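Each remark here refers to the structure printed beneath this line.
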Amino acid sequence: STNFVIGGLNDGSTSSIGVRIYEKSTGKWVIPTVLGTKPKPCKGHSAVLLSEDQILIITRGSTPDDCIWFLEVNTKYVKEQKKVLGTEVVAWSKGVRGDAEKPVVISGPSGVGKGTLINMLMKEFPSMCGFSVSHTTRAPRDKEKNGVHYHFTERSVMEKDIKYGKFLEFASVHGNLYGTSIEAVEAVADSGKRCILDIDVQGARSVRASSLDAIFIFICPPSMKELEERLRARGTETEEQILKRLRNAEAEIEQGKSSGIFDHILYNDNLEECYKNLKGLLGLDGIAPTNYKPSPRGIDLPLDHSVLKIDNKILINCETRESGNGSKNL
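Residue numbers (UniProt numbering): 1 to 330.
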């Protein structure tokens, strides 16, 4: 059998909670490859075995939005990564309080207005929606910032990360690699927001085939003539590049309409009308923007707690020092 020791490595690490594996059959300790967004060091923690696949961790001294974590030790994803990497693997993921909304995949040809629509969502609903920042090997355009618009990286680095299974989807577009890392999507979910992904049709096909349960929306231009005018108005590409994008756009539009990948198709002939329709699809039309801020105060380790697993939800009933005989649900 296998024992997992979480924390207490005494290795001087202050970046996250450490993990070790003890193999009883061999009597040896193993330091696994650790994937996913890792919890920060804490004053203490409580661990509950949910199943042979997953361990629940409740950290002490963290905020209510940062105290619940899951360590995957034998899930399908972990098993796949063990085969790819040839080592022992564990993966962290952060618990989300309440009902998490499905991620949203938005696709469409270059120049159709995907980025503008997503920026409008981010501006109106900053505490509800979060943008998944993609990786790319192309050069930054004017005013684009690394880590904001894209994670700009070298081809050799990105190809290595793809090989090690760190990407949910990736594709070669116009001679450059684009991709969405698993960590980028997790970072948005970990913040308690709905993840918005801006990816091309190739990438959307890969995500549709993955285990990610998402809403798929394709944005169409009113006409190819209008799309060409928008691309030329950018002033960032050569004539050859524009013609290449137009050829690819025709193929993408055909796939977007007929492939069965997308749940919804929106036509961006009027930006405000298209945005209104997008909000309607996401259940945001008529909702007042919220300005929720997580509580900065840390919580103490519960004196006593019970854990109940219902489908894909975890109910933690805690009795805290501050509440005496009272209880609190997380």
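Backbone N, C-alpha and C fix where the C-beta goes; we use that ideal spot for every residue, glycine too. Computed from a prediction, not measured in an experiment: that's the story for all the values here.
Original post:
Is it true that the CB of residue 130 sits closer than 7 Å to the CB of residue 91?
Top reply: Taking 7 Å as the Cβ cut-off, residue 91 and residue 130 do not qualify as a contacting pair.
**OP:** For the beta strand (DSSP E) containing residue 194, list its first residue and its last residue.
**Re:** Segment 194-198, the beta strand (DSSP E) holding residue 194.
**OP:** Would you check if the segment 241-260 and the segment 105-112 touch, i.e. whether three or more CB-CB distances between them fall below 8 Å?
**Re:** They touch, by the three-pair rule.
Subject >> Straight-line Cα distance separating residue 86 from residue 276 >> reply: Their backbone Cα atoms lie some 48 Å apart in a straight line.
**OP:** Give the DSSP-derived three-state secondary structure of residue 25 in the structure shown.
**Re:** In this structure, DSSP gives residue 25 a state outside helix and strand, which the three-state scheme calls coil.
Subject >> Distance, residue 168 Cα to residue 210 Cα >> reply: Whole-angstrom Cα-Cα distance: 8 Å.
Original post:
Between residue 281 and residue 264, is the Cβ-Cβ spacing less than 7 Å?
Top reply: Yes, these two residues count as a Cβ contact at 7 Å.
**OP:** Could you tell me which of 278, 4 and 272 sits nearest to residue 32, measuring between CA atoms?
**Re:** When only C-alpha atoms are compared, the closest one is 4.
Subject >> Cβ neighbour criterion (16 or more within 10 Å) applied to residue 116 >> reply: Counting other Cβ atoms within 10 Å of its Cβ, residue 116 stays below 16 and is therefore classed as exposed.
**OP:** Identify which residue in 103, 95, 180 and 119 has its Cα closest to the Cα of residue 136.
**Re:** Across the set 103, 95, 180 and 119, the C-alpha of 180 shows the shortest separation from the C-alpha of residue 136.
Subject >> Proximity test, residue 219 beta-carbon vs the ligand NAP heavy atom, cut-off 6 Å >> reply: In the structure on display, the ligand NAP does not appear, and there are no ligands present to speak of.
Original post:
Between which two residues does the alpha helix (DSSP H) containing residue 339 stretch?
Top reply: The question about residue 339 has no answer, for the chain in this structure spans 1 to 330.
Original post:
Under a three-way DSSP split, which group does residue 71 fall into?
Top reply: Here residue 71 sits in strand by DSSP.
**OP:** For residue 296, collect the residues of the same chain with a Cβ closer than 7 Å to its Cβ; drop the 5 residues on either side in sequence, then sort them by chain order.
**Re:** Note that residue 296 has pLDDT 44, beneath the 50 cutoff, so the model's placement of it is unreliable and no number is given.
Original post:
What residues in its chain sit with their C-beta under 8 Å from that of residue 94, if we drop five residues either side in the sequence?
Top reply: Answer for residue 94: 37, 39, 66, 68, 69, 70, 186, 189 and 190, listed in chain order.
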